[in-house]
Amino acid sequence: MNSVGDFLGVAKLAWTVYNGYKDAPGDFKDLSDEIKSLHNIVNSDILTAKFRDPNLTSEDRERLQEILQGCENVLKDLDNLLTKYKRLESPQGSSLRALDRVRWGQEDIVKLRARLTSNTTLLNTFIARYLQLPVLLGFSQRVP
Numbered sequence: 422m423n424s425v426g427d428f429l430g431v432a433k434l435a436w437t438v439y440n441g442y443k444d445a446p447g448d449f450k451d452l453s454d455e456i457k458s459l460h461n462i463v464n465s466d467i468l469t470a471k472f473r474d475p476n477l478t479s480e481d482r483e484r485l486q487e488i489l490q491g492c493e494n495v496l497k498d499l500d501n502l503l504t505k506y507k508r509l510e511s512p513q514g515s516s517l518r519a520l521d522r523v524r525w526g527q528e529d530i531v532k533l534r535a536r537l538t539s540n541t542t543l544l545n546t547f548i549a550r551y552l553q554l555p556v557l558l559g560f561s562q563r564v565p
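Residue numbers (my numbering): 422 to 565.
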């Protein structure tokens with residue numbers, strides 16, 4: 422990820438995955454709000470402005486890229502999960518398929534939700550750090 426276009430790609434993926442989950446049943450639907458939150462953060466002007474900031478160190482730029490890569494990875498896994506879940510749906514409604522769906526879905530949802538929450542928190546923390554930095558620097562410069 423080396424450009425603002427990469428942010429837009431992750432934001433687009435988040436929106437696509439969100440749309441897949443918002444109409445899904447049960448626990449899958451519950452993920453949609455968290456996915457939408459991630460979309461809103463990645464799609465924010467604040468994040469793209471910080472990436473363009475010439476004062477952003479190469480170390481911080483690399484860290485931001487790592488966080489965004491983590492976001493992209495979890496979104497791809499969520500998209501794959503939904504695709505897999507939809508394949509398990511059976512028009513015949515076999516009880517075996519239903520049992521597989523329940524067992525499989527619960528295990529994966531917990532892990533993916535934790536990863537989604539973690540990546541969203543990392544991204545929020547990164548942004549918050551840079552929103553506060555100018556305030557802290559300005560304050561320290563005014564105090565003799």
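Even for Gly, the Cβ is constructed at its ideal location relative to N, Cα and C.
Simplified DSSP assignment, three categories, for residue i
i             : result
aspartate 444 : coil
glutamate 480 : helix
serine 465    : coil
aspartate 498 : helix
aspartate 474 : coil
Same chain, Cβ closer than 6 Å to residue i, five either side skipped, listed in chain order
i             : result
tyrosine 551  : Lys471
aspartate 466 : none
arginine 536  : Val495
glutamine 490 : none
Selection from the options that minimises the alpha carbon distance to residue i
i              : options                        : result
alanine 566    : Leu499, Leu544, Ala432         : Since the first and last residues shown for the chain are 422 and 565, residue 566 lies out of range.
isoleucine 462 : Gly441, Glu480, Leu485         : Leu485
leucine 459    : Lys505, Leu502, Cys492, Glu528 : Cys492
tyrosine 442   : Leu429, Arg534, Ile456         : Ile456
leucine 534    : Lys497, Arg482, Glu480, Ala432 : Note that residue 534 is arginine in the sequence shown, not leucine. Per the Cα distances, Lys497.
threonine 504  : Thr437, Leu429, Gly430         : Thr437
Sequence-distant residues of its chain with Cβ nearer than 7 Å to residue i (five each side left out)
i           : result
leucine 477 : Lys471
Alpha-carbon to alpha-carbon, residue j and residue i
i             : j           : result
histidine 439 : serine 453  : Per the sequence shown, the amino acid found at residue 439 is tyrosine instead of histidine. Whole-angstrom Cα-Cα distance: 5 Å.
alanine 435   : lysine 507  : 18 Å
threonine 542 : proline 475 : 24 Å
Same chain only: Cβ atoms within 8 Å of residue i, ignoring 5 sequence neighbours per side
i          : result
valine 564 : Unreliable positioning characterises valine 564 in this predicted model, as indicated by a pLDDT of 42, which lies under 50. The coordinate reading is nonetheless provided below. Nothing listed; no residue qualifies.
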